[in-house]
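Heads up: the structure comes next, in structure tokens.
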Amino acid sequence: MTARRRKEVITDLEVDDAIDRITIGLAMAPHLDSKKKWLIAYHEVGHALLETLLKDADPLNKVTILPRSGGIGGFSQPIYNEERVDSGLYTRAWLLDQITILLGGRAAEVEVFGDAEVTIGASSDLKNVANLTREMVTQLGMSDLGYVALESESGDVFLGGDWANRAEYSQEMAVQIDRKVREIVMHCYEKARRMLRENRNLVDKLVEILLEQETLEGDEFRQIVVEYGQAVDKKPSLPEPLPSEALPL
Numbered sequence: 000m001t002a003r004r005r006k007e008v009i010t011d012l013e014v015d016d017a018i019d020r021i022t023i024g025l026a027m028a029p030h031l032d033s034k035k036k037w038l039i040a041y042h043e044v045g046h047a048l049l050e051t052l053l054k055d056a057d058p059l060n061k062v063t064i065l066p067r068s069g070g071i072g073g074f075s076q077p078i079y080n081e082e083r084v085d086s087g088l089y090t091r092a093w094l095l096d097q098i099t100i101l102l103g104g105r106a107a108e109v110e111v112f113g114d115a116e117v118t119i120g121a122s123s124d125l126k127n128v129a130n131l132t133r134e135m136v137t138q139l140g141m142s143d144l145g146y147v148a149l150e151s152e153s154g155d156v157f158l159g160g161d162w163a164n165r166a167e168y169s170q171e172m173a174v175q176i177d178r179k180v181r182e183i184v185m186h187c188y189e190k191a192r193r194m195l196r197e198n199r200n201l202v203d204k205l206v207e208i209l210l211e212q213e214t215l216e217g218d219e220f221r222q223i224v225v226e227y228g229q230a231v232d233k234k235p236s237l238p239e240p241l242p243s244e245a246l247p248l
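The sequence shown: position 85 = 84 (numbering that gives the first Met the number 0), numbered continuously.
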């Protein structure tokens with residue numbers, strides 16, 4: 000990327016862009032001004048603002064509405080703490096915040112455009128929500144069904160594994176599992192909608208700026224939030240964290 004830009008020194012910009020190219024996809028031409036662009040902007044701000052306001056979430060690295068190859072219209076990218084990633088120790092509070100953030104895009108669409116105008120942009124978010132929530136209930140003992148492992152996973156759910164290999168249990172237990180999964184999801188979804196509704200003026204301002212600049216770095220995004228009356232203390236912690244996989248639209 001440095002050579003293509005005819006630069007003599009590799010800078011942080013080239014490193015960041017190279018990481019995005021590898022993990023998310025090739026950058027495409029910017030969106031034309033249209034309703035689609037507005038929808039994508041609200042969707043991504045929904046993710047990014049919750050990432051910024053939720054206490055146990057990782058800090059925002061950047062949010063963009065510049066499209067990528069593979070049909071990604073934009074993305075909100077957090078910074079995962081390297082120590083937690085290496086140790087694999089994820090708290091219940093962190094997991095619940097992740098579910099809330101994943102649902103933030105759909106919640107923003109509903110709050111701004113209404114149920115009839117929601118898009119398929121949240122499809123990958125919803126799949127991640129389903130996998131993560133079910134793991135909390137059936138593998139991690141993070142519901143009132145108790146501290147038991149009810150299912151066996153095939154592969155790591157955080158890396159896109161599925162649930163093909165399941166333990167045998169009664170139909171009654173299956174109903175309880177589905178009910179608990181739904182309860183967690185709806186709790187997080189309503190929390191996402193409530194937070195976005197309470198900060199609607201801030202959401203609109205962030206969308207306005209994102210539409211103009213197309214990319215907002217985490218520090219700039221947090222500064223805007225602070226200027227509009229929200230206290231934020233979400234700076235990356237030591238040791239230096241690494242960019243995570245993006246939350247694609």
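Where is the CB? At the ideal position from N, CA and C, for every residue including glycine.
Output the boundary residues of the alpha helix (DSSP H) element that contains L210. 199–212
Starting from I71, trace the beta strand (DSSP E) both ways and give me its first and last residue. No beta strand (DSSP E) holds I71; DSSP gives it neither H nor E.
Look up E216 in the DSSP assignment and give the residues it is bridged to. Beta-bridge pairing links E216 to K61.
Cβ atoms of G72 and I39: under 8 Å apart, would you say? yes
Whose C-alpha, out of V14, R192, T63, is nearest the C-alpha of K36? T63
Quick check: the segment 171–189 against the segment 101–114, are there 3 or more CB pairs under 8 Å? yes
So the alpha helix (DSSP H) A40 belongs to, where does it begin and stop? 34–52
Using CA atoms only, rank isn't needed, just tell me which of S68, V111, R83, E50 is closest to L77. According to the sequence provided, residue 77 is Pro. The question's Leu does not apply to it. When only C-alpha atoms are compared, the closest one is E50.
Compare the beta carbon distance of M27 and S68 with 8 Å and say whether it is the shorter of the two. For M27 and S68, yes; Cβs fall inside 8 Å.
Does the separation of the CB atoms of M194 and L59 fall below 8 Å? no
Does the segment 117–132 come into contact with the segment 173–184, if we say contact requires no fewer than three beta-carbon pairs (one atom in each stretch) closer than 8 Å? yes
Close beta carbons around V8, own chain, < 8 Å, minus the five adjacent residues each side: T1
With respect to the alpha helix (DSSP H) encompassing V111, which residues constitute its N-terminal and C-terminal limits? 103–112
Label V14 either buried or exposed according to how many other C-beta atoms from any shown protein chain fall within 10 Å of its C-beta, with 16 as the threshold for buried. exposed
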